[in-house]
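Q: Here it is, the structure, as structure tokens.
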Amino acid sequence: MMRYVLSLLLACMLWAVPVTAQDGPLRIEITEGVIEPMPFAAPDFVSDNAAGAELGRQIADVIAADLAGTGLFREIQPEAFISKITSFSSPVQFADWKAINAQALITGAVSVDDGGKVIVRFRLFDVFAGQELGDGLQLVGTQAGWRRIAHKVADQVYSRITGEAPYFDSRVVFVSETGPKDARQKRLAIMDYDGANVKYLTESSSIVLAPRFSPNGDRVLYTSYESGFPRIYLLDVGSVQRRVLESQDGTMSFAPRFGPDGQTVVYSLTRGGNTDLYRMDLTTGANTRLTSAPSIETAPSFSPDGSQIVFESDRSGVPQIYVMPAGGGEARRISFGQGRYGTPVWSPRGDLIAFTKQSKGRFHIGVMRTDGSEERLLTASFLDEGPTWAPNGRVIMFTRETQGAQGRASLYTVDITGRNPRQVPTSTGASDPAWSPLQD
Amino acid sequence: MNTGQVISGAGHLGLIAFALFGGAFQSEPLPFEVTEVTAISAEEFAALTQGESIPEAVANVDTPEPPQEGEAPALTSEADTPPERSEPEVAETPPPDDVPEPLEPAPVPQADVSDEPPVMQPPQEDSALLVPEESPRPQLRPAPRVAPEPVAEPEPDVQVDDVERQEVTPSEEPAEVVEDESEATAPEEATTEIVTEAEENDVANAAPAQSIRPRNRPTRPEPTETAEPAAPETDNSAVNDALAEALGESGTSSNDAPQGPPLTAGEKDALRVAVQNCWNVGSLSSEALRTTVVVAVEMAENGKPVTSSIQMLSASGGSGAAAKQAFEAARRAIIRCGSGGFDLPVEKYDHWRDIEMTFNPERMRIK
Numbered sequence: 030m031m032r033y034v035l036s037l038l039l040a041c042m043l044w045a046v047p048v049t050a051q052d053g054p055l056r057i058e059i060t061e062g063v064i065e066p067m068p069f070a071a072p073d074f075v076s077d078n079a080a081g082a083e084l085g086r087q088i089a090d091v092i093a094a095d096l097a098g099t100g101l102f103r104e105i106q107p108e109a110f111i112s113k114i115t116s117f118s119s120p121v122q123f124a125d126w127k128a129i130n131a132q133a134l135i136t137g138a139v140s141v142d143d144g145g146k147v148i149v150r151f152r153l154f155d156v157f158a159g160q161e162l163g164d165g166l167q168l169v170g171t172q173a174g175w176r177r178i179a180h181k182v183a184d185q186v187y188s189r190i191t192g193e194a195p196y197f198d199s200r201v202v203f204v205s206e207t208g209p210k211d212a213r214q215k216r217l218a219i220m221d222y223d224g225a226n227v228k229y230l231t232e233s234s235s236i237v238l239a240p241r242f243s244p245n246g247d248r249v250l251y252t253s254y255e256s257g258f259p260r261i262y263l264l265d266v267g268s269v270q271r272r273v274l275e276s277q278d279g280t281m282s283f284a285p286r287f288g289p290d291g292q293t294v295v296y297s298l299t300r301g302g303n304t305d306l307y308r309m310d311l312t313t314g315a316n317t318r319l320t321s322a323p324s325i326e327t328a329p330s331f332s333p334d335g336s337q338i339v340f341e342s343d344r345s346g347v348p349q350i351y352v353m354p355a356g357g358g359e360a361r362r363i364s365f366g367q368g369r370y371g372t373p374v375w376s377p378r379g380d381l382i383a384f385t386k387q388s389k390g391r392f393h394i395g396v397m398r399t400d401g402s403e404e405r406l407l408t409a410s411f412l413d414e415g416p417t418w419a420p421n422g423r424v425i426m427f428t429r430e431t432q433g434a435q436g437r438a439s440l441y442t443v444d445i446t447g448r449n450p451r452q453v454p455t456s457t458g459a460s461d462p463a464w465s466p467l468q469d
Numbered sequence: 061m062n063t064g065q066v067i068s069g070a071g072h073l074g075l076i077a078f079a080l081f082g083g084a085f086q087s088e089p090l091p092f093e094v095t096e097v098t099a100i101s102a103e104e105f106a107a108l109t110q111g112e113s114i115p116e117a118v119a120n121v122d123t124p125e126p127p128q129e130g131e132a133p134a135l136t137s138e139a140d141t142p143p144e145r146s147e148p149e150v151a152e153t154p155p156p157d158d159v160p161e162p163l164e165p166a167p168v169p170q171a172d173v174s175d176e177p178p179v180m181q182p183p184q185e186d187s188a189l190l191v192p193e194e195s196p197r198p199q200l201r202p203a204p205r206v207a208p209e210p211v212a213e214p215e216p217d218v219q220v221d222d223v224e225r226q227e228v229t230p231s232e233e234p235a236e237v238v239e240d241e242s243e244a245t246a247p248e249e250a251t252t253e254i255v256t257e258a259e260e261n262d263v264a265n266a267a268p269a270q271s272i273r274p275r276n277r278p279t280r281p282e283p284t285e286t287a288e289p290a291a292p293e294t295d296n297s298a299v300n301d302a303l304a305e306a307l308g309e310s311g312t313s314s315n316d317a318p319q320g321p322p323l324t325a326g327e328k329d330a331l332r333v334a335v336q337n338c339w340n341v342g343s344l345s346s347e348a349l350r351t352t353v354v355v356a357v358e359m360a361e362n363g364k365p366v367t368s369s370i371q372m373l374s375a376s377g378g379s380g381a382a383a384k385q386a387f388e389a390a391r392r393a394i395i396r397c398g399s400g401g402f403d404l405p406v407e408k409y410d411h412w413r414d415i416e417m418t419f420n421p422e423r424m425r426i427k
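As they're listed, the protein sequences go chains R and F.
Take the first sequence: its letters are residues 30 to 469, numbered as in this note's numbering.
Take the second sequence: its letters are residues 61 to 427, numbered as in this note's numbering.
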């Protein structure tokens, strides 16, 4: 009996030894965190002359607005600053910035040389780590283009912290709208992504619809009723010269969009009451019919690699989203939810498709995987439609129109997570946005 | 005989036993009356019956004589005397009641009729108490902060801070303990998941439309062949040797491993919660949100992390750039929430001097 008791005691001791001792460092796993805007401080960029001082303040304001507009960052107001940045090269007092919970600090300097060139330098700091994030950078531009310089600085900060591709230095072409709904005048216009620097590309003598940028942003395709019927036009952004792209008698052409090579255009053509998708080679002018169904096929959009086309069709009875090879062929339906789907647009990343959905009397902007899975509605209102992707595929811009005879169309942006819906400031009504690629 | 047959046989036996002895076939007894009786002996019975004479049967019964015919009663023709009837007393006629004098009809008051429609007074607020209260479903609300625990929106005049604190204002009367003046603070409003505009106020869709298919039952591990246990040694010296060997091994490992009791699960959880409250993944790219990083940090005895010691040991699931973003977010979390010192037991410092934290954002991707 004693033997068994001793054996039991021995077993207990051998089992207990590894419990009381800890082998190596303490290990813990963190699986839950928080999602909140990161506080940052962007003091005015310092300058050694008066011309640069005003620019320094303006540039800092644009950078702060860019970052805060993403919803991923929160600006700490200058009134809360303890330290002042007086010199670009002086060491940063991290304790002062920690005290106001600034997790990122952007410092910079502006100088204007005799030739009118603007030289901007900036640094980005991780305040709590007490070190610089990436290397300092210097940008040179014109005084008229100071906003682009500011956008480029914000792009650098955004990318270094989030790891996402930038998108602030981009433009948007859209339809500017004035007048009541029953007598609305529409013009093509182009602006910075944040609503600044608006320029008009067409007159308001005829209705224009659905402009689309070329892959490098130098041309715009759009639909105009100038001839009395919808026709596709190609406009050069720099010279504002335009030409009709497709004008077969007895047909209507609309909903054009560039292919990723910039030389291919896919569009809808209505002939004899039937609407199908066609593909045009801009170099040769040759047209290829892609679909031949008795239903309406429209709103085509290329995948980023140019191998597939997503489009809208009512062949099942109600408008749904389909995907087919870029050269035509069998299409497969990818939307199966309740309601009507339309205006699908392939993300520049290639992972998602944005769309408009009408369901239960409301309109939504949503995203889904390219196989139709993981559908997620991001917005809801009386009328939301026409999504377009930011160059980095993280943000979507769309049209929102308010109800009633005095209803006004406006442009909104929303993060692909559904957070941060935000109106883009425009002086007139605005609809049909198309986001440009990032500028050079 | 396999296990199934054994279980089936045992079950059937149990069922039969229950039927027989468990009262399954018992019926209710028929209703009957109960009368109390007393058992007595023959002597007692005889004593009881001694005083009583048994009636004898009488054979000679006197026959009544028939009545004689001459003795028939004579009938009289006198009429019966009618009973006297008393005359009812005539009641005196009561004097007639006084006729009431007719009253003059009161003049009908003239109603004040106005052409203006009456003004409807709004119901008192108390009337709302009559309305049955509805149980509102929890409504999704967007909030700028997504955290593991939801936090209600703080009062508008309350400053947002990580620590909840009551407002302290200077009082006119001097108190014995003078507290520094400070503003009231409260944690920032938070929700547990991202609420999109399409989901906001959509109460009907608050309930999940579908749930995750339950996982398959894990496969039973294959039985491994184990060596036959050795026969127990009967020699006490062998037990002593094993004991000495075990103690000897622990003695050699004590050179590297810390001594004393390790951190309890609660202490580890407190550290984990403290770090996760500062781990902000909101500004991370989609790719960085797919990257798990393991970060090593050396701690000072006051519970503060040594900033220069924080380094990434490994990363998985993303590119190098994504791992860098994920590591920087993890480093910020450790430094920010450790700036005041983590609440760790000093007596167990050896156990938490070196910490490896694995930051796995998998669950944050679906928020």
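Cβ coordinates follow ideal geometry from the N, Cα and C atoms, glycine included.
(1) Which chain F residues are close to R/E193, counting only those with a beta carbon under 8 Å from its beta carbon?
(2) Kindly list, in the order they appear in chain R, the residues whose Cβ is closer than 9 Å to that of F/D414.
(3) Check whether the region 115 to 131 of chain R touches the region 87 to 100 of chain R, taking contact to mean three or more Cβ pairs, one atom from each stretch, closer than 8 Å.
(4) Check whether the Cβ of R/F102 lies closer than 8 Å to any Cβ atom in chain B.
(5) Measuring alpha carbon to alpha carbon, tell me which residue in R/F69, R/Y229 and R/S342 is nearest R/Q214.
(6) Residues in the same chain with beta-carbon distance under 6 Å from R/F110, minus the five sequence neighbours each way, listed in chain order, please.
(7) Check the Cβ of F/R423 against every Cβ in chain R and list those closer than 7 Å, keeping chain order.
(8) Assign F/S314 to buried or exposed, taking buried as 16 or more other Cβ atoms, counted over all protein chains shown, within 10 Å of its Cβ.
(9) Skipping 5 residues on each side, what residues in its chain have a beta carbon closer than 6 Å to that of F/R391?
(10) Can you say whether F/S374 is buried or exposed, counting buried as having 16 or more other CB atoms within 10 angstroms of its CB?
(11) Leaving aside the five residues before and after R/W418 along the sequence, list all residues of the same chain whose C-beta is less than 7 Å from its C-beta, in chain order.
(12) From F/P210 to F/A246, what distance separates their C-alpha atoms?
(13) Is R/Q277 buried or exposed, if buried means 16 or more other CB atoms sit within 10 Å of its CB?
(14) Reducing DSSP to helix, strand and coil, say where R/K146 ends up.
(15) Pick out whichever of F/T252, F/S346, F/T98 and F/P216 has its Cα sitting closest to the Cα of R/D380.
(16) Any C-beta of chain R sitting closer than 8 Å to the C-beta of F/K364?
(17) Can you pull the chain F residues whose beta carbon is under 7 Å from the beta carbon of R/I111, in chain order?
(18) Can you tell me where the beta strand (DSSP E) with R/I261 in it begins and where it stops?
(19) So the alpha helix (DSSP H) R/D95 belongs to, where does it begin and stop?
(20) In chain F, which residues lie less than 7 Å from R/M397 when you measure between Cβ atoms?
(21) Alpha carbons only, please: which of R/S297, R/R448 and R/S460 is nearest the one belonging to F/E259?
(22) Are the C-beta atoms of R/F157 and some chain F residue less than 8 Å apart?
(23) In the structure shown, what three-state DSSP assignment does R/L406 receive?
(24) Which residues in the same chain have their Cβ closer than 6 Å to the Cβ of R/R429, if we skip the five residues on either side of it in sequence?
(25) Give the secondary structure of R/S140 by DSSP, where H, G and I count as helix, E and B as strand, and everything else as coil.
(26) Tell me the rounded alpha-carbon separation between R/V63 and F/V341.
(27) Work out the CA separation of R/P66 and R/L217 for me, nearest whole Å.
(28) Quick check on R/E65 - is its C-beta less than 8 Å from some C-beta in chain F?
(29) Nearest to R/D221 by CA position, among R/S460, R/T455 and R/D461, is which residue?
(30) Is there at least one Cβ from chain R nearer than 8 Å to F/H411's Cβ?
(31) So what's R/G163 in DSSP terms, helix, strand or just coil?
(32) Once the 5 residues before and after F/A291 are set aside, which same chain residues still bring their CB inside 8 Å of it?
(33) Please decide whether R/P285 counts as near chain F, where near means a Cβ-Cβ distance under 8 Å.
(34) Kindly say whether F/A258, judged by its beta-carbon, lies nearer than 8 Å to any beta-carbon of chain R.
(35) Which residues, in order along the region 403 to 435 of chain R, keep a beta-carbon less than 7 Å from a beta-carbon of chain F?
(36) Thinking C-beta only, is R/E275 closer than 8 Å to R/Y296?
A: On the basis of the supplied data:
(1) S345 and S346
(2) G53, P54 and L55
(3) no
(4) Of the chains in the structure shown, none is chain B; the protein chains are R and F.
(5) Of the candidates R/F69, R/Y229 and R/S342, the one whose C-alpha sits nearest the C-alpha of R/Q214 is R/Y229.
(6) none
(7) T60 and E61
(8) The predicted model places F/S314 with a pLDDT of 43, which falls under 50 and marks its position as unreliable; any figure quoted below should be read in that light. With a 10 Å radius around the Cβ and a threshold of 16 neighbouring Cβ atoms, F/S314 comes out exposed.
(9) In its chain, beyond the 5 residues on either side, I370 have a beta carbon closer than 6 Å to the beta carbon of F/R391.
(10) exposed
(11) Cβ neighbours of R/W418 beyond the five flanking positions: V374, S376, P377, A383, I425 and W464.
(12) 13 Å
(13) So R/Q277 ends up on the exposed side.
(14) strand
(15) F/S346
(16) Proximity of F/K364 to chain R, defined by a Cβ-Cβ separation below 8 Å, is not satisfied.
(17) Within 7 Å Cβ-Cβ: nothing; R/I111 doesn't reach chain F, min ~16 Å.
(18) R260 to D265
(19) A79 to G98
(20) Within chain F, no residue comes near R/M397; the closest Cβ sits about 13 Å away, beyond 7 Å.
(21) R/R448
(22) yes
(23) In this structure, R/L406 counts as strand in the three-state DSSP scheme.
(24) Cβ neighbours of R/R429 beyond the five flanking positions: S410, D413, S439 and Y441.
(25) strand
(26) 6 Å
(27) 35 Å
(28) yes
(29) R/T455
(30) yes
(31) coil
(32) In this prediction, F/A291 scores a pLDDT of 47, lower than 50, which makes its location untrustworthy; no coordinate-derived value is stated.
(33) no
(34) yes
(35) L406, L407, T408 and A409
(36) yes
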